[in-house]
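Residue numbers (the working numbering): 23 to 545. We put the CB at the ideal spot given by N, CA and C, even for glycine. Quick caveat, the model's predicted, so the values are computed rather than measured. Only one structure is covered here, and it is reproduced in the block below.
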RNA sequence: GCCGCCAUGGCGCAGUGGUAGCGCAGGGGCCUUUUAAGCCCAGGGUCGCAGGUUCGAAUCCUGCUGGCGGCACCA
């Protein structure tokens, strides 16, 4: 933290207010009142205090009024002559504090010197005002943390979206209702974990720093380890290490973790996002379909159960079961192109798709025509959750072929809100086939494809050890949170989204030292 | 990366060619049941940054910075 008279340049202009508050805080300290205190033992949240009052009113009124000790942040203040009111907010809700100049002069003086944003503790009897507002009559008040900076505008809050992302703490403290999507997100992840744990999946943690970033097609972030003098990459997927654990003998494993992709940002893409991947030995696609419905359904229920009203509400019903449809049938239905019927005439198919306005790669196979039609014309129209089945082999390098129709794979995606939410398939466990597919990817990489999957001999060695047949799925947790909360942007379900650095932001810390490692003072 | 839109006191907003205003917050005062409390007084911004056009620019033009949205890629 900078010194008392040097705020960060990027946020400095409220210096007048800050200087006034600092002056008041130092005056308090000089008068013997510490502006930043350590402990305050509350005996109720605001919600519990109100309940205490309600319970008391349910009995007959002869008993003395109940008391409470509460703590929280002051977000509104009013006074009316010899009366002083303040709204104290905590994680559970809001409670009005009140004090009379004549009856409780100590509490009155305490409330009068508060600023918006101060964190306080207060104790006294509970009662209702004439308007029926449950209130705590302040007998004693303690300043727990003086706020040198005020909250944002009390009625509208922070409206500027950039400010809301860059100063999320201010947004959330000023407008407590904006915490709800993040509580929902937490409950969604808890529900996913609960469902998997219930099914005896083992939660594991695999490397984020990887020598070979595999398991998907994406450009990675690169970094460097000084002591090893080695290039490392942030993972783009969880897949290859989880499969090694299937080889190792764990029959059901999953990981929920951050993955990193060095690609463009959008309302649906963040450079770091949270993925769930789960692998189940001796299971096939049908088990993954069932597991997906269970996970998504549980997550949606968990989000809906979070109390309060959000600024947005879900527009997609995530209640299973979900519709199942083969990709080829969806294309026939939506685009009017019968790919299966004309499979042996890829040139004719491509010409027909081109007439329909679909952009195609050069010399496409029938499978590539199918995928192009699907991605350009069908996917965005699938609003209600839909399982899209049977992707062609060409675009599914890690999935097993269908035995009854080798043109297609035992793969599916769950699409909802027009976007892919889950990708799952029966995993390829043939090390010879896997090597061939890696070699093909390496060829593409050599030809300049920045997202080509790198060759990974260590992984191939593990596969050669023998990996049981397995079903696997990957689920985009942020997108699931968006659907379950109705958020329009992925930044609305990520607390501190990545933004471009602004001029005037604090300088980079030294490359070594200065940080507080786990081996240091923190533990 | 390309295209479009946006940027005005700490916060929420008005002002589209004549030299910047309102509300909240902050300062001072009044008010003994308020709750977006109310009333009175005083203060605070060279309008994101840098150029240009003009007698005159928050306003028109160019570039830059940041954000948002779209396209492309992906979850």
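In the same chain as residue 446, and ignoring 5 residues on each side of it, the C-beta atoms closer than 6 Å to its own belong to 310, 434, 495, in chain order. Listed as beta-bridge partners of residue 247 by DSSP are 252. Taken through DSSP and simplified to helix, strand or coil, residue 485 comes out as helix. Three or more Cβ pairs drawn from the stretch 312–329 and the stretch 214–225 lie within less than 8 Å of each other, which places the two stretches in contact. The alpha-carbon of residue 519 is positioned some 20 Å away from that of residue 174. Nearest C-alpha to residue 508 among 43, 203, 448, 107: 203. Take the alpha-carbon of residue 437 and the one of residue 118: they are about 47 Å apart. Per the C-alpha coordinates, the member of 346, 343, 414, 345 positioned closest to residue 361 is 414. In the three-state reduction of the DSSP assignment, residue 72 falls in the helix class. Closest in C-alpha terms to residue 37, from the list 171, 107, 58, comes 171. Selection 517, 57, 48 evaluated against residue 295 yields 517 as nearest (Cα-Cα). Taking every protein chain shown into account, the CB of residue 134 has fewer than 16 other CB atoms within 10 angstroms, so this residue is exposed. Here residue 297 really is in contact with residue 279; their C-beta atoms are around 7 Å apart, less than 8 Å.
At least 8 Å separates the beta-carbon of residue 422 from that of residue 389. For residue 372, same chain residues with a beta-carbon under 6 Å away, outside a window of 5 residues either side, are 382, 386, 391 in chain order. Relative to the Cα of residue 98, the nearest Cα in the group 89, 88, 256, 110 belongs to 110. Taking the C-beta atoms as reference points, residue 350 is found nearer than 8 Å to residue 412. Taking 4 residues as the shortest admissible run, the stretch 392–479 contains the following complete alpha helix (DSSP H) segments, listed from N- to C-terminal end: 453–468.
By the CB criterion at 8 Å, residue 269 and residue 489 fall inside the cutoff. Taking all protein chains shown into account, residue 487 has fewer than 16 neighbouring C-beta atoms within 10 Å of its C-beta and is therefore exposed. Across the set 451, 205, 281, the C-alpha of 205 shows the shortest separation from the C-alpha of residue 329. Around the beta carbon of residue 396, 16 or more other beta carbons sit within 10 angstroms, so the residue counts as buried. At a cut-off of 4 residues, the continuous stretches assigned as alpha helix (DSSP H) that sit fully inside the stretch 238–319 are 261–270. Counted as a single uninterrupted DSSP element, the stretch harbouring residue 519 is not any alpha helix (DSSP H), since DSSP gives it neither H nor E.
Inclusion of residue 424 and residue 431 in the CB contact set at 8 Å is warranted, their separation being smaller than that value. Here DSSP, grouped into helix, strand and coil, assigns residue 507 to helix. Taking C-beta atoms under 8 Å as the contact rule, residue 419 and residue 457 fail to qualify, at a distance of about 12 Å.
For residue 219, there is no enclosing beta strand (DSSP E); the residue is part of the alpha helix (DSSP H) that begins and ends at 202–220. In this chain, the alpha helix (DSSP H) harbouring residue 128 covers 127–134. Secondary structure at residue 354: helix, using DSSP grouped into helix, strand and coil. Under DSSP, residue 365 shares a beta bridge with no residue. At a Cβ-Cβ threshold of 8 Å, residue 144 and residue 76 do not count as neighbours. Taking the Cα positions, residue 258 is about 41 Å away from residue 176. In the DSSP annotation of this structure, the continuous segment of the beta strand (DSSP E) that includes residue 122 starts and ends at 116–122.
Taking C-beta atoms under 8 Å as the contact rule, residue 264 and residue 275 qualify, at a distance of about 5 Å.
Rounded to the nearest whole angstrom, the CA to CA distance from residue 54 to residue 138 is 21 Å.
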